[in-house]
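These notes are about the structure you will find just below.
In the numbering used here, the protein residues as written are 620 to 767.
Given below as structure tokens:
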């Protein structure tokens, strides 16, 4: 199995916190707030990849440099048009809390009776496509670009 080293969950929560210069409770809080989904080992321990660390750096820059609070970041992530990325049907959209709410990102909902029911959000294209600070804006531009 050839895995990309960038996405391999190599770091424990304490190692990730040390590498990022933040506390373990801060990482847990970001998870609780729906800003990230760390990999969980068979023993239910959080594991982080280099890609996760980049996502957290983006969150930290947004907080410290751009002065966007956690609620603001969560609301921005909630605006990701997940239904367009995974091609949900109109019926799925009607039954989808993520489509009908702007409060939190799609990966934080318990999906029932829709396209995402039973899917692993950790490996979902929506979650994985938006780990860096510029990707949300670029994806929205791509989705609204008129067809030539």
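Glycine residues also receive a C-beta, built at the ideal position from the N, C-alpha and C atoms.
Beta carbon of residue i nearer than 9 Å to that of residue j
i	j	result
residue 630	residue 638	yes
residue 714	residue 731	yes
residue 696	residue 753	no
residue 647	residue 665	yes
residue 751	residue 673	yes
residue 726	residue 712	no
Nearest-angstrom Cα separation, counted from residue j out to residue i
i	j	result
residue 677	residue 749	10 Å
residue 719	residue 688	23 Å
residue 655	residue 760	23 Å
residue 621	residue 627	The predicted position of residue 621 is uncertain, since its pLDDT is 45 and thus under 50; a value taken from the coordinates is nonetheless stated next. Rounded to whole angstroms, residue 621 to residue 627 spans 10 Å at the Cα level.
residue 649	residue 641	11 Å
residue 660	residue 764	40 Å
residue 635	residue 704	30 Å
residue 739	residue 708	19 Å
residue 662	residue 744	25 Å
residue 645	residue 633	11 Å
residue 722	residue 729	14 Å
residue 686	residue 675	15 Å
residue 681	residue 746	18 Å
residue 757	residue 651	26 Å
residue 623	residue 690	32 Å
residue 736	residue 716	12 Å
residue 692	residue 667	20 Å
residue 762	residue 643	36 Å
Paired residues, beta bridge with residue i - DSSP
i	result
residue 658	666
residue 625	According to DSSP, residue 625 bridges with nothing at all.
residue 631	666
Integer Cβ distance of residue i from residue j, believed to fall under 8 Å
i	j	result
residue 724	residue 699	7 Å
residue 658	residue 741	6 Å
Beta carbon proximity, residue i to chain B, threshold 9 Å
i	result
residue 713	Annotation note: the requested chain B is absent from the structure, which comprises a single protein chain.
Output the residue ranges of the alpha helix (DSSP H) runs that lie fully inside the segment 686-756 and measure 4 residues or longer, sorted by chain position. 689-697, 701-704, 709-713, 716-719, 744-748
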